Amino acid sequence: MSVGARPEVVVNPPDPRGLREVTAGSRTPGRAWSLPEPRRLLRRAGYPAAMPREDPRFVSRRGGGPATWPDRPRPRRTAAALLTAGLLGSAVLLVRIGQVDAFGAQTFAAGRSPCGAGSPPRP
């Protein structure tokens, strides 16, 4: 990068949900919730791991510095609670259906298989 050139990586201000859009050149590798997220996004975009991400010559942060990450725990916790409730609800239904199927399943007499192999010939 030449002296006086603008930084190639821009971390934009937080949106209403608390996400900060990360722009690398003309691409947008994604949005970040916290400080480690832009690092992960930039590694995925092909930037070297040794890139100085805190140096303002390489990374421009709009709307606050590296420590500006609005904490919005309520939406995250609400989503986590709904996902957990859905998972547990579906697990209960699947167990109940499985019990009915397993305990009410047709059984075969000893020595007979379900496809008829090994059963005595019919008269």
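Numbering-wise (the working numbering), the sequence shown opens with residue 71 and increments by one.
Using N, Cα and C, we set each Cβ at its ideal position, and we do this for glycine too.
None of these values were measured; they are calculated from a predicted model.
From the DSSP secondary-structure annotation, give me the bridge partner or partners of residue i.
i      : result
VAL81  : VAL92, ARG131
ARG97  : ALA94
ALA102 : ARG90
When you compare only the Cα positions, how much space is there between residue i and residue j?
i      : j      : result
GLY95  : THR148 : 35 Å
PRO106 : PHE173 : 50 Å
ARG127 : GLU78  : 9 Å
ARG110 : GLN169 : 44 Å
ASP125 : LEU158 : 46 Å
SER72  : ALA150 : Any reading at SER72 needs caution, since the residue's pLDDT is 44, under 50, leaving its predicted position unreliable; the model's value is listed next. About 45 Å.
SER160 : ALA120 : 45 Å
PRO122 : PRO86  : 28 Å
LEU164 : ALA155 : 14 Å
PRO66  : SER104 : Outside the shown range of the chain (71 to 193) lies residue 66, about which nothing can therefore be said.
ARG144 : VAL162 : 27 Å
Which residues in the same chain have their Cβ closer than 8 Å to the Cβ of residue i, if we skip the five residues on either side of it in sequence?
i      : result
ARG132 : VAL80, VAL81, ASN82, PRO83
Which whole-angstrom value is the C-beta distance of residue i and residue j, which I expect to be below 8 Å?
i      : j      : result
PRO136 : ARG114 : That belief does not hold up - the Cβ atoms of PRO136 and ARG114 are roughly 19 Å apart, past 8 Å.
State yes or no: is the beta carbon of residue i nearer than 8 Å to at least one beta carbon in chain B?
i     : result
ASN82 : No chain B is part of this structure, which consists of one protein chain only.
Near residue i, which residues of its chain fall below 6 Å by C-beta distance, leaving aside the five closest residues on each side in sequence?
i      : result
ARG101 : LEU89, GLU91
THR93  : VAL80
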